[in-house]
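If you want the numbering used here, it's the position in the sequence shown, counting the first as 1, plus 835. Glycine residues also receive a C-beta, built at the ideal position from the N, C-alpha and C atoms. Keep in mind it's a predicted model, so treat the numbers as computed, not measured. Working notes, beginning with the structure itself.
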Amino acid sequence: MTRTLLAAAWWLGVSSSAVAAAAPPASPSAPVVTWSQLPDLPPAPGQASQPGLAGAFAGVHADALIVAGGANFPQAPPWQGGAKKWWDDIYVLVKLDPASAAGALPETAPDGQALSGLPRYRWVYPKTRLPHPLAYGAAVSTPDGVLCIGGCDAERCYADVFRIRWDPTTQDVAIDPLPPLPGPLAFHGAAQIVDAARGIDRVYVVGGQEGVKDPAATRTFLCLDLGELKAGREVRWQTLDPWPGPPRLLPVVAVQTFREDPCLYVFSGRDVQPGRQAVFLADAYRYTPPGARAYAEGRTDGLPWKPLGDIRPDGRAPRPITAGVGIAYGSQHILAMGETGDLFLKLADLETRAGRLRAEAEQQADPAAKAGLLAQAQGADAERIDLLTRHPGFSPDILLYHTVTDTWVQRGSFPRGSPVTTNLVRWGDALVIPSGEVSPGIRTAQVWAARPIEPQVAFGTLNWAALGAYLAVLVWMGVHLSRREKTTGDFFLAGRRIPWWAAGLSIYGTQLSAITFMAIPAASYRLDWVPYVGNLMIFCIAPVVVYLYLPFYGRLNVTSAYEYLEKRFNLAARLYGSLSFIAYQIGRMGIVILLPAVALSAVTGIDKYVCIVIMGLLCTFYTVLGGIEAVIWTDVLQVGVLLGGAVLSFFFIAAKVEGGMAGVVSTAWQHDKLHAANFTWDCTVMALGVVVFGNFLGNLVPYTTDQAVVQRYLTVRDETQARRAIWTNALLTVPGSILFFGIGTALFAFYAHHPGQLKPMLHNDAIFPLFIKQEFPAGLAGVVVAGVFAAAMSTLDSSMNSIATVVTTDFYRRFRPAAPDGRCLALARWITVAAGVLATGTAAWMAWQGGRIQSLFFHFQTIMGLIGGSLAGLFVLAIFTRRARAWPAVIGALAGAAGQVFIASCTNVHFYLYVAFGMGITAGVGYAASLLAGGEKKNLDRLTIYTVHGPPTPAGQPKEA
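This is the structure we're talking about:
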């Protein structure tokens, strides 16, 4: 077997080296959205045409687009003497079935061609209007309606706040008054922050001006707690400390996740003050709301505002995006557009020049000199009007801001001059910009929709060949080794003929999986090294497992870890342990399938659901072929390939960073990516104590109660060999963790220098596969991606085999002890198939959750904590107490499970502590209930830590019932 493994590894290495070639360069300037037109905004009631609206309130409610109020020049542009008019009309654009015809308008491409397969639309005029003509406020779409805040007309600004709700049944809107602002305000920005886990639901208002005459920008920063409002409590707008920068109006305000908290981002704006020229700003700020995790972790120094780098697309000179639009795009980006201010400054300069020349002319006594000055003033006026008339429109540049690296890039352009003083709203799968101002004094009635596009680069024949060859080798190994699986003893325990080093590598490979290969680099790329400290706990856990747990599995001659629970307690305890393990593995298998599917989807463009089905079928087929022996030997191969690929990847990434390894460290240090401990007592965040204590107890779950790991202990010859296997795993875990966390840090440094290479709609956990596809040589990328698949397949077949072992041993064979071994073996294979189908379905559900699962690594930790804590507590009761009784122990386990669900649902306790609470509740309730119950007497020889040194049960001897 060893010679076969070495030959396979040599062949894969030679083939990958032979096919390596330079990968095609990525295209950072590729557009990220494709544009189409929705039906134009219709004329106002009683009007023949619609020139468009600036400053209208726009949002989405009940799957309908609402546009209310606004202002325009209906007769003529302002330089031709046109008068500005404010409106109180409300328009609602509703979706119709694609087959509908009566009154429905299609969605069209920029060239006017109708698009098929999309909804058709119709504009509706509700009977209800705004209380009065209004424009230049702020609108926020919420599930309860479109929140309209402030605004102005020609005479004054308003403090009114109200909510517009669309009723599809009555085809009308309702307007609900809400608490007013502390004072009148217009030309401000607003956004909503929602964090259900932290109980945050607030709307924030930024900047603006308080009057129409002699307007002055302000540093207004207000907050309204919608959560309190929904609860029926009396609330008012709160005035908060503003950003540490100049006052502004017309800022771009958006919300996006930074680390683990949704934060408010404020970009650009215009600083207008009486008596001086306006200043167009290109600065940026991040606001972390009260109650966010960052405060508990001590990352903000108690300051909610953080100045960010200036808006420098692709590293160029700073540029404003005044009066523009911005919205979260993907899980880490903000898409923004806006005016640079160059035209306004030039127009203002010409207007000032003309006024100065006229003033000088008035003081001239010489008619010729006076006429000359007036002619120059008229020339400045003519140049100004020419600029306004011939202006092509505001900047069409589409900018992307990346919250992780604090960088800006330009990615594509708007089909025309981009609209300003409007809103960019999310409507289904599209981002919609209704109407707006496209050049000074000029509006548009057009309504544009943007949908994400992600340019795909072919994975390449060489990469597919390398991937296919690697998977073929693994399948061949499974087929080859399956010939030895004649009995359940072979299928479950490999006849106890596995060497200790192979078992140790298999334990490491089982725990490694695609979760380590993809999700840990993604976590350190997005966050830092704080979770790493928990991996050091393996050195504390290893002696505990070796000396306190291992003797029970080896000396009692069990096949399932949960057989011990029946010997110590009763059948109910055994079945509870088995069912808990199965539930845990189903959740884990779903993640293990999903991660490679995300990787393949990211690098090939194949739909992730198709990838999930393919992965599920392939893994199930491979697992059914081989037993635990095939599982272990493929683990050995994949550990070598994965670690080799990881080492290669780390140095390859570092070489791509300017300055090499020193550049990686320098960039990571500047952005606090090497932060490794949060010194706080707050148990709701990854505090040092939470990470250490939580991981110490958390490691007890896989290494003491997980059949997939315990089964490895039982495949070696004796207890001494099992100890060596456990220490082998421990010695690999710490440097391996450093390697994978280091990959994430190196990825951050690379993309901080090359932000244009990022794909905005990429899932958080797919950042490493993205780099592999973009930067690795052809062929070699296929091998590394194959390593991800190998990790998933190895972990998955371990889980499937262990589930088959548990179901066959703890259920079927337990209740049918006379069943022939051949029938049990056949049943185990069918159970493997069922487990594969269930795991595939779980992965599809997790994929459907989409962005709601920020990190699959942490989601896996949550599943382990919720399910594993009570099971680990049950083993603690069994091993470390003499007085624990059967049914009280089971009651304790049920109480522990219920307690974990309560803590996860009703508190903000960090998920690292779920295991601790589950173990504590189980052990405490079980022990207390045992003391109260009393009575039960049982022979505890070899069943507790105090009686473990009885004579071992010889292999082959009938087991106790």
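Going by DSSP, E1610 is part of the alpha helix (DSSP H) stretching over 1602-1610. Going by beta carbons, V1255 and E1174 fall inside the 8 Å limit.
By the beta-carbon neighbour count (other beta carbons within 10 angstroms, threshold 16), S1634 is buried.
For A889, the pairing in a beta bridge is given by DSSP as A906. A buried status is given to T1630, since no fewer than 16 other beta-carbon atoms sit within 10 Å of its beta-carbon. In the structure shown, F1514 adopts coil according to DSSP, grouped into three states. Rounded to the nearest whole angstrom, the CA to CA distance from H1315 to P1148 is 56 Å.
Residues of the same chain with a CB within less than 7 Å of the CB of V959, apart from the 5 flanking positions on each side, are V927, V929, Q1006 in chain order.
Taken through DSSP and simplified to helix, strand or coil, E1272 comes out as strand. Boundaries for F997: no alpha helix (DSSP H) harbours it, while the beta strand (DSSP E) harbouring it runs 996-1002, taken from the DSSP string. Here Y1384 has T1539 as same chain residues with Cβ atoms under 6 Å from its own Cβ, once five neighbours each way along the sequence are excluded. Straight-line measurement puts the Cα of P1142 at about 30 Å from the Cα of A1285. V1239 is the residue among V1239, A1129, P1366 whose C-alpha sits nearest the C-alpha of S1166. Around the beta-carbon of K1773, fewer than 16 other beta-carbon atoms lie within 10 Å, marking it exposed. Contact annotation: G1753 and A1768 have beta-carbon atoms that are not nearer than 8 Å. A straight line joining the alpha-carbon of L1016 with that of R1000 spans about 20 Å. Counting the other Cβ atoms within 10 Å of the Cβ of I1561 gives 16 or more, which makes it buried. Under the DSSP assignment, S1103 falls outside any alpha helix (DSSP H), being part of the beta strand (DSSP E) whose first and last residues are 1096-1106. Excluding residues up to 5 positions away in sequence, Q1112, A1113, F1115 lie with their Cβ nearer than 8 Å to the Cβ of L1180 in the same chain. Secondary structure note for C992: it is in no alpha helix (DSSP H), with a DSSP letter that is neither H nor E. D1656 is positioned such that its CB atom lies no closer than 8 Å to that of T1296. Under DSSP, no beta-bridge partner is assigned to D1221. Where I1028 is concerned, the enclosing beta strand (DSSP E) starts and stops at 1024-1030. For W1468, the closest alpha carbon among the candidates L1302, F1531, I1333, H1023 is that of I1333. Judged by DSSP secondary structure, Q872 falls outside any alpha helix (DSSP H) and instead within the beta strand (DSSP E) spanning 868-873. Note on C1741: under 16 other CB atoms within 10 angstroms of its CB, so exposed under the neighbour-count rule. The DSSP-derived three-state label of I1561 is helix.
For K1402, no beta strand (DSSP E) run applies; the uninterrupted alpha helix (DSSP H) run containing it begins and ends at 1398-1403, by DSSP. Secondary structure within the stretch 1225-1249: not one fully enclosed alpha helix (DSSP H) run of 4 or more consecutive residues is present. The DSSP-derived three-state label of R1054 is coil. With a cut-off of 8 Å on Cβ pairs, the stretch 1350-1369 is in contact with the stretch 1604-1623, counting three or more such pairs. Per DSSP, reduced to three states, the secondary structure at A897 is coil, with no helix or strand assignment. For the stretch 1105-1180, the continuous alpha helix (DSSP H) assignments of 4+ residues that do not extend past its boundaries occur at 1128-1131, in sequence order.
In this structure, the straight-line span from the alpha carbon of I1426 to that of A1730 is close to 27 Å. With 16 or more other Cβ atoms inside 10 Å of its own Cβ, L1309 counts as buried.
Scanning the stretch 1342-1423 from its first residue to its last, the whole alpha helix (DSSP H) runs of 4-plus residues come out as 1355-1361, 1373-1379, 1385-1390, 1398-1403.
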